[in-house]
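Student: Residues 1 to 292 (full-length UniProt numbering) are what the sequence shown spells out, left to right. Below is one structure. I have some questions about it.
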Amino acid sequence: MTDRDALNLTERPLRVLHLSDTHIYGDESLHYGIVDTVAALARTLDRAEPIENIDVVVLSGDLSDDMSTGSYERLRDIVEPWAARHEAVVVYAMGNHDRAAEFERVLGPRTGATEVRGVRILRLDSAVPEAGYGHVDDEQLHWLRRELDAASGPSLVVVHHPPTPAYGPLLKALELQNPRELLAVCAAGGATAVLSGHYHHSLVSRENGVPVIVAPGIANTSDACAPAGHERATIGSGFAIIDVPAAGSPVVTFIAAPSERDGAEIFNLEPADVDRIGRAAGPPSRAGTGSA
Numbered sequence: 001m002t003d004r005d006a007l008n009l010t011e012r013p014l015r016v017l018h019l020s021d022t023h024i025y026g027d028e029s030l031h032y033g034i035v036d037t038v039a040a041l042a043r044t045l046d047r048a049e050p051i052e053n054i055d056v057v058v059l060s061g062d063l064s065d066d067m068s069t070g071s072y073e074r075l076r077d078i079v080e081p082w083a084a085r086h087e088a089v090v091v092y093a094m095g096n097h098d099r100a101a102e103f104e105r106v107l108g109p110r111t112g113a114t115e116v117r118g119v120r121i122l123r124l125d126s127a128v129p130e131a132g133y134g135h136v137d138d139e140q141l142h143w144l145r146r147e148l149d150a151a152s153g154p155s156l157v158v159v160h161h162p163p164t165p166a167y168g169p170l171l172k173a174l175e176l177q178n179p180r181e182l183l184a185v186c187a188a189g190g191a192t193a194v195l196s197g198h199y200h201h202s203l204v205s206r207e208n209g210v211p212v213i214v215a216p217g218i219a220n221t222s223d224a225c226a227p228a229g230h231e232r233a234t235i236g237s238g239f240a241i242i243d244v245p246a247a248g249s250p251v252v253t254f255i256a257a258p259s260e261r262d263g264a265e266i267f268n269l270e271p272a273d274v275d276r277i278g279r280a281a282g283p284p285s286r287a288g289t290g291s292a
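Here it is, written out as structure tokens:
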């Protein structure tokens, strides 16, 4: 036990460095042929280096882009030495770009509980194989209910697909499909907050009384000002710092990790492309709708 472990949350809140959507490759590939995601992750951690009292580093999914064992090894070899210097615990969660076998081979179980300074961090797997949308199955919901009921202090739920509506049209097609069920369990169990990624932009909302915190993407930033029907992304990385008190709502600060190329366009999908991808990667009910 470190001196930090002995600190009560009333003395100092638990501090979480929340990262998401790293999209690391096992080789030297670039994200969309443009972004070096290894460099983006390193730059993001460099930006966070001066921040004191980080207790936990949470990575909320889409850790890999090519689903290779090597991608998870590269991620681990960047994140874990950084966390060790800060005496911080690392918590990994699955995203729709991750694959269970390779993830677990390198990073450990994709679901489970971690306790740090009296705060329970409960990670779920919302990924649906070969799809972009999310779903949390009944078995995980039952497990989450039991964990929340047994918790004696604050609890954070980590799930890649946010249980709050998306802004862009493509991400709307790839939302979590059962947010009400998840939020009902979180609300009934008194979850302090839900930590998510997937949307590639910062967002805080309150759903069914539960704060939902979406971290910025590291691989790119979704453009909330894209023309109607378009899905657009630009170069940009960032992270969230979340302070979890003994009682009450967490305090969230979003911080950019800028590069000289920030704002450069990576892609700008036309409505027809948004519709095509949404039908291919969205839930089966969308396949015959022809709508995005």
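Using N, Cα and C, we set each Cβ at its ideal position, and we do this for glycine too.
(1) For a test of the three-state rule: what should DSSP assign to Gly288, helix, strand or coil?
(2) Would you tell me roughly how many angstroms separate the C-alpha atoms of His97 and Pro13, rounded to the nearest one?
(3) Go through the segment 126–171 residue by residue and report every complete run of the beta strand (DSSP E) that reaches 3 residues or more, in order.
(4) Excluding sequence positions up to five away, which residues of its chain have a Cβ less than 8 Å from the Cβ of Leu141?
(5) So, Ala113 versus Arg105, is the Cβ gap smaller than 7 Å?
(6) Is the beta carbon of Ser60 less than 7 Å from the beta carbon of His135?
(7) Taking the alpha-carbon of Ser196 as reference, which of Leu176, Leu144 and Val251 has the nearest alpha-carbon?
(8) Here's the rule: buried if 16 or more other CB atoms are within 10 angstroms of the residue's CB, otherwise exposed. What is Ala93?
(9) Let's see if you can read the secondary structure: which residues bound the beta strand (DSSP E) around residue 354?
(10) With a threshold of 8 Å, are at least 3 pairs of Cβ atoms found where one atom belongs to the segment 220–235 and the other to the segment 161–174?
(11) Just list the beta strand (DSSP E) runs in the segment 46–104, keeping only unbroken ones of 3 residues or longer that don't cross its boundaries, in chain order.
(12) Could you check where the alpha helix (DSSP H) with Ile235 kicks off and where it finishes?
(13) Which of helix, strand or coil does DSSP assign to Asp27?
(14) DSSP state of Ile121, grouped into three classes?
(15) Tell me whether the beta-carbon of Glu80 lies closer than 7 Å to the beta-carbon of Val89.
(16) Contact check, Val157 vs Ala191 under 8 Å by CB: the rounded distance?
(17) I believe Ile255 touches Arg117 by the beta-carbon criterion, under 8 Å. Please report the beta-carbon distance rounded to the nearest angstrom.
(18) Would Ile218 pass as a contact of Ala42 if the rule is Cβ separation under 7 Å?
(19) Taking all protein chains shown into account, decide if residue 304 is buried (16 or more other Cβ within 10 angstroms of its Cβ) or exposed.
(20) Could you have a look at Gly278 and say whether DSSP puts it in helix, strand or coil?
(21) List the endpoints of the continuous beta strand (DSSP E) containing Ser196.
(22) Just list the residues that DSSP pairs Glu11 with in beta bridges.
(23) From Ile277 to Arg146, what does the alpha carbon distance come to, in whole angstroms?
(24) In whole angstroms, what separates the C-alpha of Pro109 from that of Pro284?
(25) Report the residue from Ala240, Leu63 and Glu231 whose alpha carbon sits nearest the alpha carbon of Leu17.
(26) CA-CA distance, Asn8 and Gly153?
(27) Taking the alpha carbon of Pro227 as the point to measure from, which residue in His23, Val251 and Leu269 has its own alpha carbon closest?
Tutor: Here's the rundown:
(1) Low confidence applies here, because Gly288 scores a pLDDT of 47, under 50, leaving its location unreliable and the question unanswered by this model.
(2) When the Cα atoms are used, His97 and Pro13 turn out to be separated by approximately 32 Å.
(3) 155–158
(4) Glu181, Leu182 and Val185
(5) Taking 7 Å as the cut-off, the Cβ atoms of Ala113 and Arg105 do not count as close.
(6) Going by C-beta atoms, Ser60 is not nearer than 7 Å to His135.
(7) Ranked by Cα distance from Ser196, the options Leu176, Leu144 and Val251 are led by Leu176.
(8) buried
(9) Given that the chain is displayed from residue 1 to residue 292, the structure contains no residue 354 and the question cannot be resolved.
(10) yes
(11) The qualifying runs are 56–60 and 89–93.
(12) First-last for Ile235: undefined, no H or E at that position.
(13) coil
(14) strand
(15) Not in contact: Glu80 and Val89 (Cβ atoms no closer than 7 Å).
(16) 5 Å
(17) Actually they do not touch by this definition, with Cβ atoms about 22 Å apart.
(18) no
(19) Here the chain has residues from 1 to 292 only, and residue 304 is not among them.
(20) Gly278 sits in a helix when the DSSP states are folded into three classes.
(21) Ala193 to Ser196
(22) The partner list for Glu11 (beta bridge, DSSP) is empty, contrary to what the question assumes.
(23) 37 Å
(24) 28 Å
(25) By alpha-carbon distance to Leu17, the top candidate from Ala240, Leu63 and Glu231 is Ala240.
(26) Distance between the alpha carbons of Asn8 and Gly153: 11 Å.
(27) Measuring from the Cα of Pro227, the nearest candidate turns out to be Leu269.
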